[in-house]
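Asker: In this text, residue positions in the sequence shown follow my numbering: the first is 407, and each later residue adds one. Even glycine gets a Cβ: it sits at the ideal position worked out from N, Cα and C.
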Amino acid sequence: MAKITKMVANRRGVTNTVVSSASVNKAELGARLERIIFKDQVPDPLTMADLVVALTGVLQEDYDTMEAFDREVASEVSQDGVLRDRRDAQIEEVRQHVLAFRSAVDADYGMRAAAHLGLDGVTAYNANELITQGRNVLRQLEGGLLDFEPRFAALGRPDYQKRAEGLSASLSKLEETSGALVKETRETQDAQNMRNKAEEVWATHYAPVAAILENLYRLAEMPAHADRVRPTSRRRAGLPEEEDVVEGDEVVEGDEVVEGDEVVVEE
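Right, dumping it as C-alpha cells:
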C-alpha cells in the first residue's frame with residue numbers, strides 16, 4: 407500500500423479526533439442537544455432546515471428572556487424613582503417640622519432647652535438619621551421642660567402638643583415611604599440579578615450557535631452568509647458590528663444599575 411504524506415497524515419489525526427469524539431459521545435451529545443435545541447421534542451422526520459431553525463431558536467429564546475428581565479429592571483427603576491421622590495419630599499417635610507420646633511423652643515425657653523430635646527446641632531438629611539433624631543425629640547419631650555423656665559413666664563408654659571403630633575405624623579409617613587423604597591430597591595436588585603444570569607446564558611450559547619451556523623453556511627458553500635454571522639470578538643462581547651441592526655426607538659444609552667438605594671447609569 408502506498409504511503410501518505412506527512413501533510414495528509416496530520417489531517418488524519420485532526421479528523422480522527424473529531425470523528426472519534428462524535429462516535430464515543432454521540433449518545434450523550436445527542437440527548438443533550440435534543441434537550442437544548444428541541445426541548446426533547448425532535449421533529450419526525452427531521453430536516454436540516456428544522457435543525458437550523460431550532461438551533462437559532464435557542465439564541466432567540468435566550469435573548470427574549472434577557473430582554474424581558476431588562477424591561478422588568480427598567481420598570482422597577484421607574485417605580486424606585488417615584489418612591490424616592492416621595493421619600494425625599496417627606497424628608498424635607500420632617501426637617502421643616504424639626505427646624506420649626508427648634509425655633510419655637512429656642513424662642514420660648516432658649517437654646518439650652520432645645521439642646522435638651524436634641525434639637526441642637528445639624529438637622530439630619532439622611533432618612534434613617536432624621537427618623538432617629540425626630541423620635542428622640544419626641545421621647546425627650548415626654549419628660550417635659552420643667553427644669554427650664556420660659557422666657558415669658560407671665561404667659562405660662564407653652565404647649566407643644568400640636569407640634570409633637572405633627573412631627574410624629576410626619577415621621578410615620580417618612581418611615582412608611584422609606585420602608586417602601588427599601589422593598590422596591592430590593593426587588594430591583596433581584597430583577598437585575600435575573601437579567602445578569604440571562605446575559606450569562608446568552609453569552610454561553612451565542613458563540614457556539616453563531617459558529618455552527620457560520621460553518622454550516624461554509625459547508626453549504628455560502629461564504630457571504632457565513633461572513634455575515636461570524637462570531638467576531640465584538641459580537642462575543644455583546645457589541646454589534648456596523649452591519650448589525652439595533653432595532654427599536656426605546657433603546658437607552660448606558661445601563662441603569664442600583665447601588666444602595668440609588669440608581670446610577672453605567673456608560
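#1: With the cut-off set at 7 Å, would you say Thr594 and Arg492 are in Cβ contact?
#2: In angstroms, rounded to a whole number, what distance separates the CA positions of Phe554 and Tyr515?
#3: Just to confirm, are Gly572 and His503 a CB contact at a threshold of 7 Å?
#4: Check this for me: beta carbons of Leu587 and Gly540, under 7 Å apart or not?
#5: As a quick exercise: from Val479, Glu482, Arg636, Glu498, pick the residue whose alpha carbon is nearest that of Lys579.
#6: Assuming Val458 and Leu645 make a contact with CB atoms under 8 Å, what is their CB distance in whole Å?
#7: Between the C-alpha atoms of Asp596 and Lys603, what's the straight-line distance to the nearest angstrom?
#8: Would you please state the rounded distance, in angstroms, between the beta carbons of Val500 and Gly524? I believe it to be under 8 Å.
#9: Ala609 and Val635 look like a contact to me (Cβ under 8 Å); what is the Cβ gap, rounded to whole Å?
#10: Keeping to the same chain, check which residues put their C-beta closer than 7 Å to that of Glu605; ignore five residues upstream and five downstream.
#11: Expressed to the nearest angstrom, what Euclidean distance is found between the alpha-carbon atoms of Gln485 and Gln496?
#12: Look at Arg642 and Ala613 and say whether their C-beta atoms are less than 7 Å apart.
#13: Which same chain residues, not among the five before or five after Glu590, have their C-beta less than 6 Å away from its C-beta?
#14: If Leu465 and Ile443 are in contact, beta carbons under 8 Å, what's the gap, nearest whole angstrom?
#15: For Thr529, which residues from the same chain have a beta carbon less than 8 Å from its beta carbon, with the 5 sequence-adjacent residues on both sides left out?
#16: Take Thr638 and list the residues in its own chain whose beta-carbon comes closer than 8 Å to its own, dropping the five residues that flank it on each side.
#17: Evaluate Val671 with the Cβ neighbour count: other Cβ atoms within 10 Å of its Cβ, from every protein chain shown; 16 or more gives buried, anything less gives exposed.
Answerer: In brief:
#1: For this step, residue 594 is matched to residue 188 along the sequence shown. For this step, residue 492 is matched to residue 86 along the sequence shown. It is not a contact, given that the beta carbons lie outside the stated cut-off.
#2: The count along the sequence shown starts at 1 and reaches residue 554 at position 148. The count along the sequence shown starts at 1 and reaches residue 515 at position 109. Rounded to whole angstroms, the separation of the alpha carbons of Tyr515 and Phe554 is 7 Å.
#3: Here the question's residue 572 lines up with position 166 in the sequence shown. Here the question's residue 503 lines up with position 97 in the sequence shown. Taking 7 Å as the Cβ cut-off, Gly572 and His503 qualify as a contacting pair.
#4: To locate residue 587, count along the sequence shown from 1; it is residue 181. To locate residue 540, count along the sequence shown from 1; it is residue 134. No, the Cβ-Cβ distance between Leu587 and Gly540 is not below 7 Å.
#5: What you label residue 579 is simply residue 173 of the sequence shown in a count that begins at 1. The option with the nearest alpha carbon to Lys579 is Glu498.
#6: Counted from its first residue, the sequence shown places residue 458 at position 52. Counted from its first residue, the sequence shown places residue 645 at position 239. Not really, about 25 Å apart at Cβ, beyond 8 Å.
#7: Here the question's residue 596 lines up with position 190 in the sequence shown. Here the question's residue 603 lines up with position 197 in the sequence shown. Straight-line Cα distance between these residues: approximately 11 Å.
#8: Sequence index remark: in the sequence shown, residue 500 carries index 94 (1-based). Sequence index remark: in the sequence shown, residue 524 carries index 118 (1-based). Their Cβ separation, rounded to whole angstroms, is 14 Å, which puts Val500 and Gly524 out of contact at 8 Å.
#9: Taking the sequence shown and counting its residues from 1, one reaches residue 609 at position 203. Taking the sequence shown and counting its residues from 1, one reaches residue 635 at position 229. Not confirmed; about 16 Å, so no contact.
#10: Reading the sequence shown from its first residue, position 199 is the one you call residue 605. Cβ within range, chain order: Met472.
#11: Within the sequence shown, residue 485 is the residue found at index 79, counting from 1. Within the sequence shown, residue 496 is the residue found at index 90, counting from 1. Cα-Cα distance, rounded: 17 Å.
#12: Sequence index remark: in the sequence shown, residue 642 carries index 236 (1-based). Sequence index remark: in the sequence shown, residue 613 carries index 207 (1-based). Yes, the pair counts as a contact, with Cβ atoms nearer than the cut-off.
#13: In the sequence shown, the residue the question calls residue 590 occupies position 184. Cβ neighbours of Glu590 beyond the five flanking positions: Gln485, Asp486, Leu489.
#14: Locating residue 465 in the sequence shown gives position 59, where the first residue counts as 1. Locating residue 443 in the sequence shown gives position 37, where the first residue counts as 1. That belief does not hold up - the Cβ atoms of Leu465 and Ile443 are roughly 11 Å apart, past 8 Å.
#15: Indexing the sequence shown from 1 puts residue 529 at position 123. Around Thr529: Arg501, Val504, Leu505, Arg508, Leu536, Gln539.
#16: For this step, residue 638 is matched to residue 232 along the sequence shown. Same-chain partners within the cutoff: Glu647.
#17: In the sequence shown, counting from the first residue as 1, residue 671 sits at position 265. In this predicted model, Val671 has a pLDDT of only 44, less than 50, meaning its place in the structure is not dependable; the value taken from the coordinates is given anyway. The residue is exposed, with fewer than 16 neighbouring Cβ atoms inside 10 Å.
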